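All the letters of the sequence shown, read from the start, carry residue numbers 76 to 220 under my numbering. Ideal placement from N, C-alpha and C gives every residue a C-beta, glycine not left out. In this text the structure is predicted, and so the values were computed from the model without any measurement.
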Amino acid sequence: MLTDYSRIVVAYDHSDLSKKALNMAMNLAKQDQQIELLVVMVMQPDRPMVYSYGYAFDAYHERQKEEVKAVCKEVEQELKSLPNKSRTFAIEGSPGHMIVEFVKQNDADLVVMGSRGLSGLKELFLGSVSHYVVQKAHCPVIIVK
Ligand SMILES: Nc1ncnc2c1ncn2[C@@H]1O[C@H](COP(=O)(O)OP(=O)(O)O)[C@@H](O)[C@H]1O
Ligand SMILES: [Mg+2]
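1. Any heavy atom of ligand 2 closer than 7 Å to the beta-carbon of residue 209?
2. Note the first and the last residue of the continuous alpha helix (DSSP H) segment covering residue 222.
3. Based on the DSSP output, what are the partners of residue 252 in its beta bridges?
4. For the structure I just gave you, are there three or more beta carbon pairs, one from the stretch 178-186 and one from the stretch 202-216, closer than 8 Å?
5. Roughly how many angstroms separate the alpha carbons of residue 115 and residue 198, rounded to a whole number?
6. Are the CB atoms of residue 84 and residue 97 nearer to each other than 8 Å?
7. Below 7 Å, is the gap between the Cβ of residue 117 and the nearest heavy atom of ligand 2?
8. Assign residue 149 to one of two classes, buried (16 or more other C-beta atoms within 10 Å of its C-beta) or exposed (fewer than that).
9. Enumerate in chain order the residues of its own chain whose CB-to-CB distance from residue 167 is below 8 Å, with the five nearest sequence positions on each side excluded.
10. CB of residue 217 to nearest heavy atom of ligand 1: below 7 Å?
11. So, with DSSP's three-state summary, where would you put residue 193?
12. Taking 7 Å as the cut-off, does the CB of residue 174 come closer than this to any heavy atom belonging to ligand 1?
13. Please report the straight-line C-alpha distance between residue 217 and residue 185, rounded to a whole angstrom.
14. With burial defined as no fewer than 16 other Cβ atoms inside 10 Å of the residue's Cβ, what is the status of residue 133: buried or exposed?
15. Can you give me the C-alpha to C-alpha distance between residue 88 and residue 136, rounded to a whole angstrom?
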């Protein structure tokens, strides 16, 4: 039983490690149907996030919103394989800050995220978002690598 962790937030940027984080959170949730999963994607209006759809950065915010909506649908499809309550959220702002706020506001008790994301800079073990969330979150954070 994982009764200590009843609401898990997955920080998702569509990178391979965030997919791995989603998988891990889903596996944790399988242990107890009461565990809720909240998957959050933070859009930065001035930055690309979803590269894996194949096009380079498109300055249009609307386009980014469409991409994120499509990714949310994909994730929701995956989440449907579980009986647990789950939801995806697309919010805007600075990712680290928004994730920490989201975790607080939703009274979550665990965050699962990747060590690295989409930046492609591999010289540091932790990316700036994971670094920020580990430091500032009020609850435990699992860093998937
Ligand atoms: N915009 C975002 N929205 C939600 N989660 C994110 C976002 N950016 C990063 N993350 C989470 O943080 C992890 C680490 O990414 P990050 O710190 O941005 O590293 P990198 O510098 O390699 O991109 C990702 O695997 C993902 O779980
Ligand atoms: Mg990143």
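Reading it off the structure:
1. To locate residue 209, count along the sequence shown from 1; it is residue 134. No, ligand 2 has no heavy atom inside 7 Å of this Cβ.
2. Residue numbering for the chain in the displayed model covers 76 to 220; residue 222 lies beyond these limits and cannot be assessed.
3. There is simply no residue 252 to check, as the chain begins at 76 and stops at 220 in what is shown.
4. yes
5. Mapped onto the sequence shown, residue 115 falls at position 40. Mapped onto the sequence shown, residue 198 falls at position 123. Distance between the alpha carbons of residue 115 and residue 198 is about 26 Å.
6. The residue given as residue 84 occupies position 9 in the sequence shown. The residue given as residue 97 occupies position 22 in the sequence shown. No, Cβ-Cβ distance for residue 84 and residue 97 is not below 8 Å.
7. Counted from its first residue, the sequence shown places residue 117 at position 42. Checking the Cβ of residue 117 against ligand 2 gives no.
8. On the sequence shown, residue 149 is found 74 positions in, with the first residue counted as 1. So residue 149 ends up on the exposed side.
9. In the sequence shown, residue 167 corresponds to position 92, counting from 1. The residues are 117, 118, 119, 120, 173.
10. Numbered from its first residue, the sequence shown carries residue 217 at position 142. No - ligand 1 has no heavy atom lying nearer than 7 Å to the Cβ of residue 217.
11. The count along the sequence shown starts at 1 and reaches residue 193 at position 118. Reduced to three states, the DSSP call for residue 193 is coil.
12. Locating residue 174 in the sequence shown gives position 99, where the first residue counts as 1. Because some heavy atom of ligand 1 lies under 7 Å away, the Cβ of residue 174 counts as near it: yes.
13. In the sequence shown, the residue the question calls residue 217 occupies position 142. In the sequence shown, the residue the question calls residue 185 occupies position 110. Straight-line Cα distance between these residues: approximately 8 Å.
14. One-based indexing of the sequence shown puts residue 133 at position 58. Its pLDDT being 47, under 50, residue 133 is placed unreliably by the model, and the measurement read from it follows with that caveat. Looking at its Cβ environment, which holds fewer than 16 other Cβ atoms inside 10 Å, residue 133 is exposed.
15. For this step, residue 88 is matched to residue 13 along the sequence shown. For this step, residue 136 is matched to residue 61 along the sequence shown. About 16 Å.
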